[in-house]
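Engineer: Numbering (the numbering used here), first residue to last: 40 to 285. Glycine included, each C-beta is placed from N, C-alpha and C at the ideal position.
What follows is the structure, encoded as structure tokens:
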């Protein structure tokens, strides 16, 4: 459980927000006083150089590995998340798709989705998922770990959608993907956005992320150094040079 001693006691108005978030993993102080809010149905690109704290921020929000929250608060639709464990955050609607995808060995595509729905989830139906990712329907009886990298990413996103999802956290969804497969993932994420699901996207390919996102946050050494629209970051060459090396 969190020991955040200075957590905000009342819920803010924003759909999702974190305020003054300070998180430790072991002795490492990684997330340093992070505050931002996200509107419902918005895609936010969380950017920064390697080691800036992007993945740690996502994992802190999802309560993954039970980070030590020294202070700060996390809220989703008026419900506090900072005082929850990882499985409770997932039940509240926060679904993290990690960079390594974590497809369960020995299970087919459909069985991986079955596991996601084991708690009686009211998430997306199989039919809706297969409409979003027709390739998964074709391979639904195939073992998940034998899929291509792009297909595994589709399955990882689908598992999140199969749960009762309110906030989708994506960590490097384009990692190692061919351009044509990345395009398929981008199209799917636009479809997900159109259903009203809110997404926070961490992606090393900053230009691709910014073209998809509505707004952008830039992290540097665990702190947010810029917040604005995605278009503003794309147009600001100096900002991209200083913090994104592009």
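#1: Assign residue 124 to buried or exposed, taking buried as 16 or more other Cβ atoms, counted over all protein chains shown, within 10 Å of its Cβ.
#2: Can you tell which of 84, 137, 89 and 110 has its C-alpha closest to the C-alpha of residue 104?
#3: Using three-state DSSP, classify residue 26 as helix, strand or coil.
#4: Give me, in chain order, the residues of the same chain whose beta-carbon lies closer than 6 angstroms to that of residue 46; leave out the 5 immediate sequence neighbours on both sides.
#5: Would residue 92 be called buried (16 or more neighbouring beta carbons within 10 Å of its own) or exposed?
#6: Alpha carbon to alpha carbon, how far is residue 181 from residue 156?
#7: Measure the CB-CB distance between residue 96 and residue 241 and report whether it falls below 9 angstroms.
#8: Once DSSP output is grouped into helix, strand and coil, what is the label at residue 217?
#9: Check this for me: beta carbons of residue 224 and residue 189, under 9 angstroms apart or not?
#10: Helix, strand or coil: how does DSSP classify residue 202 here?
#11: Would you kindly check if the distance between the Cβ of residue 238 and the Cβ of residue 70 is under 9 angstroms?
#12: Taking 6 angstroms as the limit between beta carbons, can you name the residues of its chain near residue 261, skipping five residues before and five after?
#13: Which of the three DSSP states is assigned to residue 96 in this structure?
#14: DSSP has residue 259 in a bridge; who is on the other side?
#15: Whole beta strand (DSSP E) runs in the stretch 77-127 with 3 or more residues, listed along the chain?
Structural biologist: On the basis of the data shown:
#1: Residue mapping note: residue 124 aligns to position 85 of the chain shown, counting from 1. Counting Cβ neighbours within 10 Å, residue 124 comes out exposed, since fewer than 16 surround it.
#2: Within the chain shown, numbered from 1, the residue matching residue 104 stands at position 65. It is 137.
#3: Missing from the structure shown is residue 26; the chain here goes from 40 to 285 and no further.
#4: For the purposes of this step, residue 46 is identified with residue 7 of the chain shown, where counting begins at 1. Confidence in residue 46 is poor, its pLDDT being 48 and thus under 50, which makes the residue's placement unreliable; the coordinate value appears in the next sentence. Here the set comprises 112 and 121.
#5: The residue given as residue 92 occupies position 53 in the chain shown. Label assigned to residue 92: buried.
#6: In the chain shown, residue 181 corresponds to position 142, counting from 1. In the chain shown, residue 156 corresponds to position 117, counting from 1. Computed Cα separation, rounded: 19 angstroms.
#7: Walking along the chain shown from the start, residue 96 turns up at place 57. Walking along the chain shown from the start, residue 241 turns up at place 202. Going by C-beta atoms, residue 96 is nearer than 9 angstroms to residue 241.
#8: In the chain shown, counting from the first residue as 1, residue 217 sits at position 178. Coil at residue 217, not helix or strand.
#9: As a first step, residue 224 is located in the chain shown; it is residue number 185 there, counting from the start. As a first step, residue 189 is located in the chain shown; it is residue number 150 there, counting from the start. Yes, they are a contact pair.
#10: Position 163 of the chain shown, counted from the start, is the residue given in the question as residue 202. In the structure shown, residue 202 sits in coil (DSSP, three-state: anything other than H, G, I, E or B).
#11: Reading the chain shown from its first residue, position 31 is the one you call residue 70. Reading the chain shown from its first residue, position 199 is the one you call residue 238. The answer is no: Cβ separation not under 9 angstroms.
#12: By 1-based counting over the chain shown, the position of residue 261 is 222. Only 69, 70, 71 and 92 meet the Cβ criterion.
#13: Residue numbering aside, residue 96 sits at position 57 when the chain shown is read from its first letter. The answer is helix: DSSP assigns residue 96 an H, G or I state.
#14: Your numbering for residue 259 matches position 220 in the chain shown. 262, per the DSSP bridge assignment.
#15: 82-86 and 107-115
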